[in-house]
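K.L.:
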Amino acid sequence: MSNFPSVAVDPDAAPITNEDLEQSVQDNDAAETPIAAPGVASGLSEPRAGLIEDQPRGAGAGAAIGVAAPGRLSSLDTLESEAIHIIREVVAEFEKPALLFSGGKDSVVMLHLATKAFWPGKVPFPVLHVDTGHNFPEVIEFRDRTVERLGLKLVVGSVQDFIDSGELAERADGTRNPLQTVPLLDAIQRNKFDAVFGGGRRDEDKARAKERILSLRDEFGQWDPRNQRPELWNLYNGRHTVGQHVRAFPISNWTELDVWRYIEREGIELPGLYYAHEREVFARDGMWRAVGEVSRPRENEPVISKTVRYRTVGDMSCTGAVESAAATVRDVVIEVAASTITERGATRADDRISEAAMEDRKKDGYF
Amino acid sequence: MSTDTFLPAPDLVAAALPTTLFRFATAGSVDDGKSTLVGRLLHDSKAILADQLDAVARTSADRGFGGAGATGTQAIDLALLTDGLRAEREQGITIDVAYRYFATDRRSFILADCPGHVQYTKNTVTGASTADAVVVLIDARKGVLEQTRRHLSVLQLLRVAHVIVAVNKIDLVDFSEDVFRDIEADVQKVGRELGLGSDGVADLLVIPVSALDGDNVVDRSDRTPWYAGPALLEVLESLPAADELESHLESFRFPVQLVVRPQGALAPDALAGGLDVGAYRDYRAYAGQITEGSVKLGDQVSVLTPGQAPRTTTVIGIDFAGRELAEAAAPQSVALRLADEFDVARGDTIAAAGTVREASADLYAALCWLSPKPLREGAKVLVKHGTRTVQALVRNVTGKLDLASFQLEPTTTLELNDIGHAQLRLAAPLPLENYLHHRRTGAFLVIDPLDGNTLAAGLVNDHPGDHEDERYSI
């Protein structure tokens, strides 16, 4: 171990470009650490936009020597460190964790953090997706490509299967988000998962604001908000009895803006519908809905073509788009910083049902 | 309207730029306006978005809150911004610690809003354990209450670096300087009795505010001309965070979370990125989060394993996801490579050589009892310290702290919200350090082995009659 060879600075690493320097102006690390050479990412993430064509990738495990100035970590570095600590704690203390992966930005960030936590090893747990059957096709394609790229096992719980077998009934409003709980709990039980990572954030909702980072669920997957364990220092108590499991939320303390700034900094790839694109839409409940197989306009809902993007990616039947010209990650960061409404308020019909919609779903075992 | 087009203004580019992170908590008694203060901070720092504000305004109107506000707009009940649970809104009380997020162009804030009535000790201990600062509210009409003394006592015990006392409802005492100065003097007196703000461990600031009207919350008020100090948010923006205060001064501590040893099972994406398979075949590193201090390549460190003498070696690698760092500091999560192939496992601690106190199976501690199930002498519990959990026997409960008088009273049991002293015998020795100087390695959880619930927050005390410095070895 003492002559460990491969971490020396790679002399062949690509030179720093103007684009790197521009990036560094926006980059949290810029003040404290030298700019990492492109090869340094070691394939952890997709290369940053703008570096793809003109930079050789995979310049070996060449690593820049970075000096972190003690005590002056940026908020993103602090949040990243906290999340990695939590992910490692759960993997160390639980028998069989899994990560909820929908292809949505929060779960993509979670998976990225997991690759960093266990580098250079593989992510040591499978990913779990509860497929409503109403997902955007490009998101499913992205999900499969990501799982393939990271060599992960994918477990799918299917809402459609439960509807077909009569264990679930389609709702009158056609929304399938609330139906995800049963297939989720079934997948957890069948696979004996004792910890499930989720990308939930406390800034999303008032009920989530009260949830612990490690959140105990009973045999029925229920959350008991009035009887939660105190969470002290960075000591997480994941002990549970047979039948119970734990939901772990490593990015609890991140805001939507943090997530986007992190996506920008790390060059993380997302499904294309997070960025501005032309789409056939119609207006319903104050949101732009995509025209799709499960999302049909009614007679009085004219279809128009608009430049839109999605702030959340879920069930097509209840996720709305926002009008936006933000075509790049930088545009989105600026747009989110400027936004005057929350992402759920903007785009989730299911959270508009009542002020306690999320709390009620969580009590029943939702994410 | 969710179909709005976003039109970013130029100054919003600044809002998207990086900041540092600051964690603080709020604590107060019933009806001292804490939720209103939190709502005011969020509202005036523009952290509340339009749809959230609409929902709160609707509910405020439904309940007939306030009528028309002072500025001619509809007054809103700012407390509704933070009371998130159905039961809280129905009962009009705050039940549990709520976490809130807002940012200025200087800092990102995590706010732990700790309710003040039932279980205030539990909530305050929880919120304060991770806080860089705590804001304690006092009602200007009531002054320092017994509960204020209790709050300050808990904060002193938990070694919160910055304590800010907000004297709220200053509008209801006609912005009287005399009232404020009397309260300020009382607060400083309690602070002195506790050692808050006088022993270099913590500082204690007192600010007159009106959460309802916003005086001295975000901006300095012209209705308190006799107060020359900063507004609350100014203070929060300028205080050093815990890692800025401590990391240079403290010795390196690193509880090992797990061993990263892929043994050929390398990440496909890393391989696709050109990772040298041969070089990483025997890769072995110890993953964890630095809890205190900093580490550099070439540093001499000791590996502490229960039941073994400390083993000293050299740090030859500080890895972070493909980057090798020359140096790292708390609270970074990294993976360390060591020169010698010791058997190192989860639960071991890597520490700067020569700075480590001898591991001990005798644990003397202050316990903040957080469970409805009382502590009895002779109880068998679990102690979680760093990344290790061991069995423990409660040998003696040696006293209970009277938070109002700061005196230790004799007792043999601790109940919910009690803070007491106890002596425990551990099944394996742990590298325990005095919480007074080590806010992470001096902290532990007491866990119920039957149902896994967290029973207490533990703070390591010195052994009675011990002089701490004499216990350092190696």
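If you're matching them up, the sequences are chains A and B in order. Residue numbers for the first sequence follow the numbering used here, so the first one is 647 and each next one is one higher. Residue numbers for the second sequence follow the numbering used here, so the first one is 348 and each next one is one higher. Every residue gets a Cβ at the ideal spot worked out from N, C-alpha and C, and that includes glycine. Just so it is clear, the structure is predicted and the values come from calculations on it, not from any experiment.
Using only the alpha-carbon positions, how far apart do V603/B and Q503/B sit?
P.N.:
What you label residue 603/B is simply residue 256 of the second sequence in a count that begins at 1. What you label residue 503/B is simply residue 156 of the second sequence in a count that begins at 1. Spanning the two alpha carbons is a distance of roughly 29 angstroms.
K.L.:
On the criterion of 16 or more Cβ atoms from any shown chain inside 10 Å, does F866/A qualify as buried, or is it exposed?
P.N.:
As a first step, residue 866/A must be located in the first sequence, where it is residue number 220. So F866/A ends up on the exposed side.
K.L.:
Between T1016/A and chain B, is there a C-beta pair that is closer than 8 angstroms?
P.N.:
Outside the modelled stretch of chain A, which goes from 647 to 1013, sits residue 1016/A, for which no answer is possible.
K.L.:
Name, please, each residue of chain B whose Cβ falls closer than 7 angstroms to the Cβ of V737/A.
P.N.:
Taking the first sequence and counting its residues from 1, the one referred to as residue 737/A is at position 91. Per Cβ cutoff of 7 angstroms: L605.
K.L.:
In chain order, what residues of the same chain have a beta carbon less than 8 angstroms from the beta carbon of K742/A, not counting five sequence neighbours either side?
P.N.:
What you label residue 742/A is simply residue 96 of the first sequence in a count that begins at 1. So the qualifying residues of the chain are F771, N837, K838, F839, D840 and A841.
K.L.:
Rounded to a whole number of angstroms, what is the C-alpha to C-alpha distance between A739/B and A686/B?
P.N.:
Here residue 739/B corresponds to residue number 392 of the second sequence, with the count starting at 1. Here residue 686/B corresponds to residue number 339 of the second sequence, with the count starting at 1. Rounded to the nearest angstrom, the two C-alpha atoms are 34 angstroms apart.
K.L.:
Tell me which residues of the stretch 842 to 858 of chain A have at least one Cβ-Cβ distance to chain B shorter than 7 angstroms, keeping chain order.
P.N.:
Answer in chain order: R848, D849, K852, A853, A855 and K856.
K.L.:
Tell me N743/B's beta-bridge partners as DSSP assigns them.
P.N.:
Residue 743/B sits at position 396 when you count from the first residue of the second sequence. DSSP output for N743/B lists Q770/B as bridge partner(s).
K.L.:
Indicate whether at least one CB of chain A lies closer than 8 angstroms to the CB of K727/B.
P.N.:
Residue 727/B sits at position 380 when you count from the first residue of the second sequence. Judged by the 8 angstroms Cβ criterion, K727/B is not in contact with chain A.
K.L.:
For a contact meaning CB atoms closer than 8 angstroms, what does K731/B contact in chain A?
P.N.:
Walking along the second sequence from the start, residue 731/B turns up at place 384. Correct list: L881 and N883.
K.L.:
Please classify V949/A as buried or exposed, where buried requires at least 16 other C-beta atoms within 10 Å of its C-beta.
P.N.:
Numbered from its first residue, the first sequence carries residue 949/A at position 303. Its Cβ having fewer than 16 others within 10 Å, V949/A is exposed.
K.L.:
Would you say T974/A lies against chain B (beta-carbon separation less than 8 angstroms)?
P.N.:
Stepping through the first sequence from its first residue, residue 974/A is reached at position 328. Judged by the 8 angstroms Cβ criterion, T974/A is not in contact with chain B.
K.L.:
Figure out for me which residue from F449/B, A374/B and A408/B has the closest Cα to the Cα of L388/B.
P.N.:
As a working note, residue 388/B is residue 41 in the second sequence. Checked all of F449/B, A374/B and A408/B; the closest Cα to L388/B is F449/B.
K.L.:
Could you have a look at S804/A and say whether DSSP puts it in helix, strand or coil?
P.N.:
As a working note, residue 804/A is residue 158 in the first sequence. Strand at S804/A.
K.L.:
Nearest-angstrom Cα distance between G717/A and H891/A?
P.N.:
The count along the first sequence starts at 1 and reaches residue 717/A at position 71. The count along the first sequence starts at 1 and reaches residue 891/A at position 245. Because G717/A carries a pLDDT of 48, less than 50, the predicted location of this residue cannot be relied on, and no value is offered for it.
K.L.:
Since I believe G640/B is in contact with D391/B (beta carbons under 8 angstroms), could you give me their beta-carbon distance rounded to a whole number of angstroms?
P.N.:
Counting from one through the second sequence, the residue named residue 391/B turns up at place 44. Counting from one through the second sequence, the residue named residue 640/B turns up at place 293. Actually they do not touch by this definition, with Cβ atoms about 38 angstroms apart.
K.L.:
I want to see whether chain B comes within less than 8 angstroms of E939/A, judged by CB atoms only; does it?
P.N.:
Walking along the first sequence from the start, residue 939/A turns up at place 293. Not an interface residue.
K.L.:
Indicate whether at least one CB of chain A lies closer than 8 angstroms to the CB of P719/B.
P.N.:
Numbered from 1 along the second sequence, position 372 holds the residue referred to as residue 719/B. Judged by the 8 angstroms Cβ criterion, P719/B is not in contact with chain A.
K.L.:
Which of helix, strand or coil does DSSP assign to W906/A?
P.N.:
Looking up residue 906/A in the first sequence gives position 260. Of the three classes helix, strand and coil, the one that applies to W906/A here is helix, per DSSP.
K.L.:
Any chance the stretch 907 to 919 of chain A sits against the stretch 509 to 522 of chain B, with 3 or more Cβ pairs inside 8 angstroms?
P.N.:
They do not touch, by the three-pair rule.
K.L.:
Can you give me the C-alpha to C-alpha distance between L777/B and L792/B, rounded to a whole angstrom?
P.N.:
By 1-based counting over the second sequence, the position of residue 777/B is 430. By 1-based counting over the second sequence, the position of residue 792/B is 445. Going by the C-alpha atoms only, they are around 13 angstroms apart.
K.L.:
So with CB distances below 8 angstroms, who are the chain B contacts of Q874/A?
P.N.:
On the first sequence, position 228 is the one that residue 874/A refers to. Under the 8 angstroms cutoff, chain B gives D443.
K.L.:
Along chain D, in chain order, which residues have C-beta atoms closer than 8 angstroms to that of R718/A?
P.N.:
Although the question refers to chain D, the structure presented lacks it and instead comprises the protein chains A and B.
K.L.:
In whole angstroms, give me the CA-to-CA distance for E850/A and V744/B.
P.N.:
If you number the first sequence from 1, residue 850/A lands on position 204. If you number the second sequence from 1, residue 744/B lands on position 397. Going by the C-alpha atoms only, they are around 43 angstroms apart.
K.L.:
In whole angstroms, give me the CA-to-CA distance for K727/B and G805/B.
P.N.:
For the purposes of this step, residue 727/B is taken as the residue at position 380 of the second sequence. For the purposes of this step, residue 805/B is taken as the residue at position 458 of the second sequence. C-alpha separation (whole angstroms): 15 angstroms.
K.L.:
Counting only Cβ pairs nearer than 8 angstroms, list the residues of chain A close to Q679/B.
P.N.:
Counting from one through the second sequence, the residue named residue 679/B turns up at place 332. Chain A residues near Q679/B: A714, L719, D723 and S727.
K.L.:
Roughly how many angstroms separate the alpha carbons of Y633/B and L774/A, rounded to a whole number?
P.N.:
Your numbering for residue 633/B matches position 286 in the second sequence. Your numbering for residue 774/A matches position 128 in the first sequence. Using only the alpha carbons, I get a separation of about 28 angstroms.
K.L.:
For chain A, is any of its Cβ atoms less than 8 angstroms away from the one on A739/B?
P.N.:
Here residue 739/B is taken as the residue at index 392 of the second sequence, counted from 1. By this cut-off, A739/B is not an interface position.
K.L.:
Going straight from the alpha carbon of A760/A to that of P757/B, what length do you get?
P.N.:
As a first step, residue 760/A must be located in the first sequence, where it is residue number 114. As a first step, residue 757/B must be located in the second sequence, where it is residue number 410. Those two C-alpha atoms are separated by around 49 angstroms.
K.L.:
Can you confirm whether the stretch 932 to 941 of chain A touches the stretch 956 to 966 of chain A when touching is taken to mean that 3 or more C-beta pairs between the two stretches lie within less than 8 angstroms?
P.N.:
Segments in contact, yes.
K.L.:
Starting from the N-terminal side, write out each stretch of the alpha helix (DSSP H) that is 4 residues or longer and does not extend beyond the stretch 899 to 978 of chain A.
P.N.:
DSSP runs (the alpha helix (DSSP H)) wholly in the stretch 899 to 978 of chain A: 902 to 912.
K.L.:
If you compare alpha carbons, which of T965/A, G767/A and R907/A is closest to M933/A?
P.N.:
Within the first sequence, numbered from 1, the residue matching residue 933/A stands at position 287. Residue T965/A is the option with its Cα nearest to M933/A.
K.L.:
Is N515/B helix, strand or coil by DSSP?
P.N.:
Taking the second sequence and counting its residues from 1, one reaches residue 515/B at position 168. The answer is strand: DSSP assigns N515/B an E or B state.
K.L.:
With distances taken Cα to Cα, identify the nearest neighbour of L796/A among E910/A, F764/A, E784/A and D870/A.
P.N.:
Here residue 796/A corresponds to residue number 150 of the first sequence, with the count starting at 1. Considering only alpha carbons, the answer is F764/A.
K.L.:
Check each candidate in D870/A, Q868/A and R858/A and name the one with the smallest Cα separation from E877/A.
P.N.:
Taking the first sequence and counting its residues from 1, one reaches residue 877/A at position 231. E877/A has its Cα closest to that of R858/A, out of D870/A, Q868/A and R858/A.
K.L.:
Which residues, in order along the stretch 762 to 786 of chain A, keep a beta-carbon less than 8 angstroms from a beta-carbon of chain B?
P.N.:
Result list: K762, A763, F764, W765, P766, G767, K768 and V769.
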